[in-house]
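To start, the structure itself, in structure tokens.
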Amino acid sequence: MSGEAAPHGAVMDVMDSRQNRTLTFTDKDGSERLSVVVPQQGAEPDLGTFLWPSSVVLCQYVWTQRKKIRGLSVLELGAGVALPGVVAALCGAHVTLSDDCDRPLCLQSCRRSCEANLLQGVKVLGLRWGAVTPDLCSLPHIDIIIGSDVFYQPEDFEPLLLTVSFLLNKNPEAQFWTSYQLRSPDWSMVELLVRWKLSCHYVPLCEFGSEGSDVAQSDLPGRHSVHMMVITKL
Ligand SMILES: C[S@@+](CC[C@H](N)C(=O)[O-])C[C@H]1O[C@@H](n2cnc3c(N)ncnc32)[C@H](O)[C@@H]1O
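Per this note's numbering, the sequence shown starts with residue -10, numbered consecutively.
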């Protein structure tokens, strides 16, 4: 790993010869660090085969919450390359990764990320938002749901919130940690959150070292309008 220290416990980014990315999370004084490999699938593009700016922000949030999540059950929705879930698993959480059952490349991305980080015991599940399937109903207890850049198409907001609401009703103490990139000022979730009896609060990026473009030194979050929310049951 050829990274170097960065401000705010931010993430350093290098490419290896196979064009995998390695991101390294550090705490403020550099005494703890965690390196994560992100396999790139440039030849087989799908939404879930790229690293999205929001993903780096959610990872940084998960990293700052690492003591809290150790031993907890974490489910990632719309995981794609699943960086936040991989970080959670490397921090000691029991993680299930999920993506659309009709997007095999995305599910493959989840598996590749686990393999690249030598993670065993992480389940990968086909889970389509808005569909109350036997797989969804039979999920065991969940403490934290995570999802980065899952609010990216307004027509999917309601199916996604239906799934989140279903899971929070089954696990009333759980929280949904989610980061998203604001791609239009017209987007609003307020009405949908009320309809699905959910409440949300925004976490300022500066509270967990995710402001600015130095996060990951990849220019990913910095140039985009990324927000971090925690959604709970009303
Ligand atoms: C913009 S990508 C974000 C991927 C990843 N979370 C990240 O931040 O790098 C959106 C993800 O949501 C998944 N997705 C889209 N529609 C979905 C649906 N109806 N049910 C489940 N997953 C879906 C896609 O397959 C994709 O992996």
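Here a beta-carbon is modelled for each residue, glycine too, at the ideal position from N, C-alpha and C.
For VAL63, the enclosing beta strand (DSSP E) stretches over residues 62 to 65. Put simply, the backbone Cα of CYS189 is about 34 Å away from that of GLU104. Residue pairing from DSSP leaves MET178 without any beta-bridge partner.
The Cβ-Cβ distance between GLY74 and ILE135 falls below 8 Å.
At a Cβ-Cβ threshold of 8 Å, THR11 and VAL26 count as neighbours.
Annotation for SER20 indicates a beta carbon at 7 Å or more from all heavy atoms of ligand 1.
A distance below 6 Å between beta-carbons, with the five flanking residues on each side excluded, links LEU64 to the following residues of its chain, in chain order: THR85, ILE131 and ILE134. With contacts defined by Cβ atoms closer than 8 Å, ILE58 and ALA77 form a contacting pair. Taken in chain order, the complete beta strand (DSSP E) segments of 3 or more residues contained in the region 59 to 142 are 62 to 65, 83 to 88, 112 to 115 and 133 to 137. With 16 or more other CB atoms across the displayed protein chains lying within 10 angstroms of its CB, CYS99 is buried.
Here TRP166 carries a strand assignment [DSSP, helix/strand/coil]. Between ligand 1 and the CB of SER44, the shortest heavy atom gap is smaller than 7 Å. Within 10 angstroms of the beta-carbon of TYR191 lie fewer than 16 other beta-carbons, which makes it exposed. The way I'd put it, the region 147 to 167 does touch the region 113 to 124; three or more beta-carbon pairs between them come closer than 8 Å.
Within the DSSP secondary-structure output, TYR50 pairs in no beta bridge. Ligand 1 approaches ALA68 closely enough that one of its heavy atoms is under 7 Å from the residue's Cβ.
From the listed residues ARG22, GLN97, PRO123 and ASP89, the smallest Cα separation to LEU79 is found for ARG22. DSSP places CYS189 in the uninterrupted beta strand (DSSP E) bounded by 187 to 191. Here THR15 is bridged, per DSSP, to ARG22. Taking all protein chains shown into account, GLN170 has 16 or more neighbouring C-beta atoms within 10 Å of its C-beta and is therefore buried.
Note that the C-beta distance between PRO28 and SER102 is below 8 Å.
The beta carbon of GLU200 sits closer than 7 Å to the beta carbons of LEU194 from its chain, once the five residues preceding and following it are set aside; these are given in chain order. In this structure, the alpha-carbon of HIS216 lies about 12 Å from that of TYR141. The closest CA to that of TYR50, considering only THR167, LEU107, VAL179 and SER214, is found on THR167.
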